[in-house]
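Working notes, structure below.
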Amino acid sequence: MSNPEQSDTIFLKSLGKVSDTTVFNFLEAELNKIFKIPVQIDSPIPVDPSAYNEKRDQYYSPIILKQLSKKERHEIILGVVEVDLYVEGLNFIFGQADIRNRKAIISLARLRQEYYGRKPNQNLFQKRTLTEAVHELGHVYGLSHCLNPQCVMFFSNSLRDTDVKGYEFCKTCRKKMSIPDR
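Quick note on this note's numbering: the sequence shown kicks off at 1010 and runs consecutively.
Okay, structure coming up:
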């Protein structure tokens, strides 16, 4: 089990246009508090157009995840996209992690209330974004899905699961991550 080390740095990278860039400043501050390691906003790159599946009107996440390349061993990259993602066998995903290469991606598309025809709610959007970011970074650090529905590492089958679990690790996952209890 890998845990946050002093030499680790999380780089936040936009893939394609992200309409609300304040989400990066929010994630930078909050992820630093949670993981207690430096977090930096990196320069954006375009989304690989070959990831787009016209029949599904979605982007194939593994192709986008491959776009995230690291320069150094202690880098962790969290890609953020506005587009809707999927993997084979699932209708959609909120995010995906590549544990071996210490990188992950999250999609903001289905985290917004507007996606469901509802009024925008910035606080709820930020909480959902942080929840999915922490979940995918938990995978990067070697955590698997947790059976505790209040733990951030619980698998989100729906947005309701994301809202219920929140962005905190349960006691068991905190211990695996070597993060002290609050």
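Each residue gets a CB set at the ideal place from its N, CA and C atoms; glycine is no exception.
Nothing here was measured: the structure is a model prediction, and the numbers come from that model.
| query | result |
| --- | --- |
| Helix, strand or coil for E1039? Go by DSSP, reduced to three states. | helix |
| With G1025 and E1091 assumed to form a contact (beta carbons below 8 Å), what rounded beta-carbon distance in angstroms separates them? | 6 Å |
| Is it true that the stretch 1103–1113 meets the stretch 1130–1145, where meeting means three or more beta-carbon pairs spaced less than 8 Å apart? | yes |
| Would I1072 and D1093 be called neighbours here (beta carbons separated by less than 8 Å)? | no |
| By the 10 Å Cβ neighbour count, where 16 or more other Cβ atoms means buried, how is F1164 classified, buried or exposed? | exposed |
| Would you identify the three-state DSSP class for I1030, choosing helix, strand or coil? | According to the sequence as given, residue 1030 is Thr; it is not Ile. Coil. |
| Please say whether V1149 and I1114 have beta carbons closer to each other than 8 Å? | no |
| Per DSSP, L1087 forms a beta bridge with which residues? | L1021 and A1113 |
| Near L1156, which residues of its chain fall below 8 Å by C-beta distance, leaving aside the five closest residues on each side in sequence? | F1163 |
| Out of F1134, S1167, L1099 and G1175, state which residue places its alpha-carbon closest to the alpha-carbon of T1030. | F1134 |
| Can you tell which of I1019, T1018 and V1027 has its C-alpha closest to the C-alpha of S1116? | V1027 |
| For a minimum of 3 consecutive residues, which ranges assigned as the beta strand (DSSP E) are wholly contained in the stretch 1111–1160? | 1112–1116 |
| Check each candidate in S1023, N1110 and N1062 and name the one with the smallest Cα separation from V1096. | N1062 |
| Between F1033 and K1064, what straight-line distance do the alpha-carbon atoms span, to the nearest angstrom? | 31 Å |
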